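A.B. asks: Got a structure for you, questions after.
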Amino acid sequence: MRAMNAVSSRSQLLDAAHAAFIQGPVSVIVASRNAEQVPDVVRGCGCRVSRDRRQVTVLIEPARASSLLDDVAGNGLIAVVFSQPSTHRTIQLKGDDARVVPVTAADRAAVRRHQQQWCADLASIGYGPAFAVAVHGGAGQLAAIRFTPTAAFQQTPGPGAGQPLRG
Amino acid sequence: MPLTVNSLRRCFEGAVPAVIATCSRDGIPNVSYISEVHYVDPKHVALSFQFFSKTRQNVLENPRATVGVIHPDTGAQYRLAVRYLRTETSGPLFECMKAKLAGIASHAGMTGVFQLRGADVYRVESVTEIYGAALESPPPPEVDVTILRECMARLSAAHDLASLLDTLLDVLADPIGLRHTMVLMHDPSGERLYTVASRGYAESGVGAEVHPGEGIIGVAAQARIPVRISHATSEFGYGRAMREDAQSRGITAGLEERIPFPGLPESQSQIAVPILAGERLLGVLYAESETPGRFGYDEEDGFMVLASHVGAVSALLEDETRSPAGDEAPGVHPPVTPAGAALRVRRYAANDSIFIGEDYLIKGVAGAILWRLLRSHVEDGRCDHTNRELRLDRSIRLPDLSENLEARLILLARRLEERCPALRIEKTGRGRFRFHVLRPVVLAEIPA
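Sequences listed follow chains A and B, in order. Going by my numbering, the first sequence opens with residue 65, and the numbers climb by one from there. Going by my numbering, the second sequence opens with residue 1126, and the numbers climb by one from there.
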């Protein structure tokens, strides 16, 4: 909680570079927890950042989530890791106002674009397209979770991992 | 069939990173990548603890976590509900994970960044497949039960340690299909392992030594566990490091001569498993390949089955060699009269190292045995010997009864075959052999 408080505010946490990074060819891993404090995790298939960079929307396939959508609807808590497979560059965002919102045409377009970019990044480190597409998903029904990042951490493996994000 | 941890072992090779979601005491979720998920047993996995992270802090506060893994062949995803139990910072599990992590780090370009602080052991409470469009299942493992059965039958037929070890490397070549393999025997007194047989290298490396704890072979010996690395790593690339070390030392005639360790220059996958007879470490079986990810959990199981069978058979054969010597086998070569130019043989008493002319041959117990045989030849004209007589000879300084004399004789016989064909050890029956001296010898002793 200490680290969270250190950078916690409703102000704009993401600069333009961070916003571009999390909307780029990154793995999107979404977590929440239930009322018994049991965490859940699902692989997302895309991300959009609002024009003012104050809100982040992650897209997931509901069929892949177990209780995550219910958990988010119940407590609004969310943690999302964004990591580029080829570089290991990783950041984590957290929020406490997450909610499930309707999926738009722009969201669906973002998922299609994300799949192409992410599969290309995996191809650059030797993973075949069939494998990458199978892991990515996103062809079926989608759900959108929107939240205001209140904390952001640098999580690239190494000594700096876990530090609050600096612009 | 319900999903089990066993059925997910391919997901734990580190090819595709896993993720873990945790939750702090006050309910804040966290998600993070894990470099290594390690299969412990059907109910437990261990995760690599590398950094003092939020994940670490959270599981100490709230042990319930969820791990997501991906099958590296099919892309199928699985969710494991786990509960943190404890952290191990030394011992077999830790050593095994440390070696494997070095390979994963190398694969990920993270050598030096990924360092194992501990093996976090979790109980797996449930396993669920996540809906998705997984690809078709990969082919079944190459080491299947039918093949294992054939291999074990061939090993059981071995009549002595030398043929047992040769058969082991033969079956690994065919039907198993591994081209680069070796067996090292353990020297309990000198605390080292020495190569007695190998396949697939330009130089056999017979006699090359490894210290316990050194490299993947030394770790397998010290911790008595199987160790695997799936991607070339400088940290555990001992074969290469040792060869370079040997080269940098140059060819210096003297007491500390070493036989270069064989090994593939472009080795990508390595596996070392201990050969045990009960609690006793007999040696290590090692294989390597230029293909990354060549050895998985299934191959590890296969190696362990073969190695434990070799351990048991070799213990039986050992008992036989301790019994009185048997009759002379038919087809043994008659002794010959030495002829040709004299062979100058020097022995340094300090460590029983033997030089033929200017070339280092062998040292230690095998060196002492050779010296004893040469003196018998020169002083008494004797060529026939028994294991029992060597065992009782104090000049050989066999450390104790657990000493595997047979393995020393194999080492000596092979070293002579490669480096000094004028001297030859021929097995003439159970517990007996003939020492052939084809050229006259001149012995010189250098006192300590």
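Don't be surprised by glycine CBs; every beta carbon is placed ideally from N, CA and C. Keep in mind it's a predicted model, so treat the numbers as computed, not measured.
Who are Ser91 of chain A's beta bridge partners in DSSP?
C.D. replies: Numbered from 1 along the first sequence, position 27 holds the residue referred to as residue 91 of chain A. A:Ser147.
A.B. asks: Nearest to Ile1341 of chain B by CA position, among B:Cys1221, B:Leu1431, B:Phe1428 and B:Glu1425, is which residue?
C.D. replies: In the second sequence, residue 1341 of chain B corresponds to position 216, counting from 1. Ile1341 of chain B has its Cα closest to that of B:Cys1221, out of B:Cys1221, B:Leu1431, B:Phe1428 and B:Glu1425.
A.B. asks: Report the rounded CA-to-CA distance for Ala1437 of chain B versus Ala1532 of chain B, giving the unit in angstroms.
C.D. replies: By one-based count along the second sequence, residue 1437 of chain B stands at place 312. By one-based count along the second sequence, residue 1532 of chain B stands at place 407. For Ala1437 of chain B and Ala1532 of chain B, the distance between alpha carbons rounds to 15 angstroms.
A.B. asks: Would the segment 1425-1444 of chain B and the segment 1279-1289 of chain B be scored as touching if the rule is three or more Cβ pairs under 8 angstroms?
C.D. replies: Short answer: they touch.
A.B. asks: Relative to chain A, which residues along the segment 1242-1259 of chain B have a C-beta separation below 8 angstroms, given in chain order?
C.D. replies: Cβ contacts with chain A: Thr1253, Ile1255, Tyr1256, Gly1257, Ala1258 and Ala1259.
A.B. asks: Distance cutoff 9 angstroms, beta carbons only. Does Thr212 of chain A sit that close to anything in chain B?
C.D. replies: On the first sequence, residue 212 of chain A is found 148 positions in, with the first residue counted as 1. So, not an interface residue.
A.B. asks: To which residues does DSSP link Glu1570 of chain B through a beta bridge?
C.D. replies: As a working note, residue 1570 of chain B is residue 445 in the second sequence. Answer by DSSP bridge pairing, in chain order: B:Arg1472.
A.B. asks: Listing by chain order, which chain A residues have their CB less than 7 angstroms from the CB of Gly1200 of chain B?
C.D. replies: Within the second sequence, the letter at position 75 stands for residue 1200 of chain B. The answer, in chain order, is Phe195, Ala198 and Val199.
A.B. asks: If you draw a straight line from the C-alpha of Thr220 of chain A to the C-alpha of Glu1425 of chain B, how long is it?
C.D. replies: Taking the first residue of the first sequence as 1, we reach residue 220 of chain A at position 156. Taking the first residue of the second sequence as 1, we reach residue 1425 of chain B at position 300. Rounded to the nearest angstrom, the two C-alpha atoms are 32 angstroms apart.
A.B. asks: If I'm right that Gly1579 of chain B touches Thr1212 of chain B with Cβ under 8 angstroms, what's the distance once you round it to whole angstroms?
C.D. replies: What is shown of chain B runs 1126 to 1573, which leaves residue 1579 of chain B out entirely.
A.B. asks: Excluding the five sequence neighbours on either side, which residues of its own chain have a C-beta within less than 6 angstroms of the C-beta of Ala174 of chain A, listed in chain order?
C.D. replies: What you label residue 174 of chain A is simply residue 110 of the first sequence in a count that begins at 1. Taken in chain order, the residues that qualify are Gly110 and Arg112.
A.B. asks: Kindly list the residues whose CB is nearer than 6 angstroms to the CB of Ser1501 of chain B, restricted to its own chain and excluding five residues on each side of it in sequence; keep chain order.
C.D. replies: By one-based count along the second sequence, residue 1501 of chain B stands at place 376. Answer for Ser1501 of chain B: Arg1507, listed in chain order.
A.B. asks: Which value, in whole angstroms, describes the spacing of the CA atoms of Gly1158 of chain B and Thr121 of chain A?
C.D. replies: By 1-based counting over the second sequence, the position of residue 1158 of chain B is 33. By 1-based counting over the first sequence, the position of residue 121 of chain A is 57. Note on residue identity: the sequence assigns Tyr, not Gly, to residue 1158 of chain B. Spanning the two alpha carbons is a distance of roughly 21 angstroms.
A.B. asks: Any chance the CB of Thr212 of chain A is under 8 angstroms from a heavy atom of the ligand ADP?
C.D. replies: Only the bare structure without any ligand can be found here, which leaves the ligand ADP out of the picture.
A.B. asks: Which stretch, first to last residue, makes up the beta strand (DSSP E) that contains Gln218 of chain A?
C.D. replies: To locate residue 218 of chain A, count along the first sequence from 1; it is residue 154. Unbroken beta strand (DSSP E) run through Gln218 of chain A: Ala215 to Gln218.
A.B. asks: Leaving out the 5 sequence neighbours to the left and right, which residues in its chain are closer than 6 angstroms to Trp1496 of chain B when beta-carbon positions are compared?
C.D. replies: By 1-based counting over the second sequence, the position of residue 1496 of chain B is 371. These residues qualify, in order along the chain: Arg1472.
A.B. asks: From the DSSP output, which residues share a beta bridge with Ser1323 of chain B?
C.D. replies: Counting from one through the second sequence, the residue named residue 1323 of chain B turns up at place 198. For Ser1323 of chain B, which the question treats as bridged, DSSP gives the partners B:Met1307.
A.B. asks: Using a Cβ-Cβ cut-off of 7 angstroms (strictly less than) and excluding sequence neighbours within five positions of Gln87 of chain A, which residues of its own chain qualify?
C.D. replies: Taking the first residue of the first sequence as position 1, residue 87 of chain A is located at position 23. Hits under 7 angstroms: Cys111, Arg112 and Val113.
A.B. asks: Determine the closest residue to His1458 of chain B out of B:Thr1271, B:Thr1553 and B:Gln1202, with distance taken between C-alpha atoms.
C.D. replies: Residue mapping note: residue 1458 of chain B aligns to position 333 of the second sequence, counting from 1. Minimum Cα distance to His1458 of chain B is reached at B:Thr1553.
A.B. asks: Return the first residue and the last residue of the beta strand (DSSP E) that Phe1174 of chain B is part of.
C.D. replies: Here residue 1174 of chain B corresponds to residue number 49 of the second sequence, with the count starting at 1. Here the beta strand (DSSP E) through Phe1174 of chain B covers His1169 to Phe1174.
A.B. asks: Quick one: what's got a C-beta closer than 7 angstroms to Ser1262 of chain B's C-beta in the same chain, skipping five residues either side?
C.D. replies: Sequence index remark: in the second sequence, residue 1262 of chain B carries index 137 (1-based). The residues are Thr1199.
A.B. asks: Does DSSP put Pro228 of chain A in a helix, in a strand, or in coil?
C.D. replies: Along the first sequence, one-based indexing puts residue 228 of chain A at 164. DSSP places Pro228 of chain A in strand when its eight states are reduced to three.
A.B. asks: Taking Cβ positions, are Ala1171 of chain B and Val1238 of chain B nearer each other than 9 angstroms?
C.D. replies: For the purposes of this step, residue 1171 of chain B is taken as residue 46 along the second sequence, with counting starting at 1. For the purposes of this step, residue 1238 of chain B is taken as residue 113 along the second sequence, with counting starting at 1. In this structure, Val1238 of chain B does not lie closer than 9 angstroms to Ala1171 of chain B by Cβ.
A.B. asks: Grab the span of the beta strand (DSSP E) containing Cys111 of chain A for me, first residue to last.
C.D. replies: Taking the first residue of the first sequence as position 1, residue 111 of chain A is located at position 47. Cys111 to Val113 is the span of the beta strand (DSSP E), which, as asked, contains Cys111 of chain A.
A.B. asks: Residues of the segment 143-155 of chain A with a CB closer than 8 angstroms to any CB of chain B: list them in chain order, please.
C.D. replies: From the segment 143-155 of chain A, only Ala143, Val144, Val145, Ser147, His152 and Thr154 have a Cβ closer than 8 angstroms to chain B.
A.B. asks: Exposed or buried, what is Arg1181 of chain B when buried is set at 16 or more other beta-carbons lying within 10 Å of its beta-carbon?
C.D. replies: Position 56 of the second sequence, counting from 1, holds the residue named residue 1181 of chain B. So Arg1181 of chain B counts as buried.
A.B. asks: Any C-beta of chain A within less than 7 angstroms: which residues of the segment 1157-1191 of chain B qualify?
C.D. replies: Flagged, chain order: Ser1157, Tyr1158, Phe1176, Ser1178, Lys1179, Asn1187, Arg1189, Ala1190 and Thr1191.
A.B. asks: Starting from His1561 of chain B, trace the beta strand (DSSP E) both ways and give me its first and last residue.
C.D. replies: Walking along the second sequence from the start, residue 1561 of chain B turns up at place 436. Taken as a continuous stretch (DSSP letters only), the beta strand (DSSP E) holding His1561 of chain B covers Arg1557 to Val1562.
A.B. asks: If the cut-off is 8 angstroms on Cβ atoms, which residues from the segment 1452-1470 of chain B count as contacting chain D, listed in chain order?
C.D. replies: Among the chains of the structure shown, chain D does not appear; the protein chains present are A and B.
A.B. asks: First and last residue of the alpha helix (DSSP H) that includes Pro193 of chain A?
C.D. replies: As a working note, residue 193 of chain A is residue 129 in the first sequence. Pro193 to His200 is the span of the alpha helix (DSSP H), which, as asked, contains Pro193 of chain A.
A.B. asks: Spatial neighbours of Pro1142 of chain B within its chain, please: CB distance less than 6 angstroms, with the 5 preceding and 5 following residues excluded, ordered by chain position.
C.D. replies: For this step, residue 1142 of chain B is matched to residue 17 along the second sequence. Contacts found: Tyr1158.
A.B. asks: Using a Cβ cut-off of 8 angstroms, pull out every chain B residue sitting near Arg176 of chain A, in sequence order please.
C.D. replies: Residue numbering aside, residue 176 of chain A sits at position 112 when the first sequence is read from its first letter. Result: empty, since nearest Cβ-Cβ is about 16 angstroms, beyond 8 angstroms.
A.B. asks: My parser needs the alpha helix (DSSP H) runs of 4 or more residues fully inside the segment 1441-1517 of chain B; what are they?
C.D. replies: Runs of the alpha helix (DSSP H) inside the segment 1441-1517 of chain B: 1489-1505 and 1512-1517.
A.B. asks: Taking contact to mean at least 3 C-beta pairs separated by less than 8 angstroms, is the segment 196-211 of chain A in contact with the segment 122-138 of chain A?
C.D. replies: Verdict: yes, contact present.
A.B. asks: Can you tell me which of the three DSSP states Phe85 of chain A falls into?
C.D. replies: Mapped onto the first sequence, residue 85 of chain A falls at position 21. Correct three-state label for Phe85 of chain A: helix.
A.B. asks: Where Asn1187 of chain B and Pro149 of chain A are concerned, what is the direct C-alpha to C-alpha distance, given to the nearest angstrom?
C.D. replies: The count along the second sequence starts at 1 and reaches residue 1187 of chain B at position 62. The count along the first sequence starts at 1 and reaches residue 149 of chain A at position 85. Those two C-alpha atoms are separated by around 29 angstroms.
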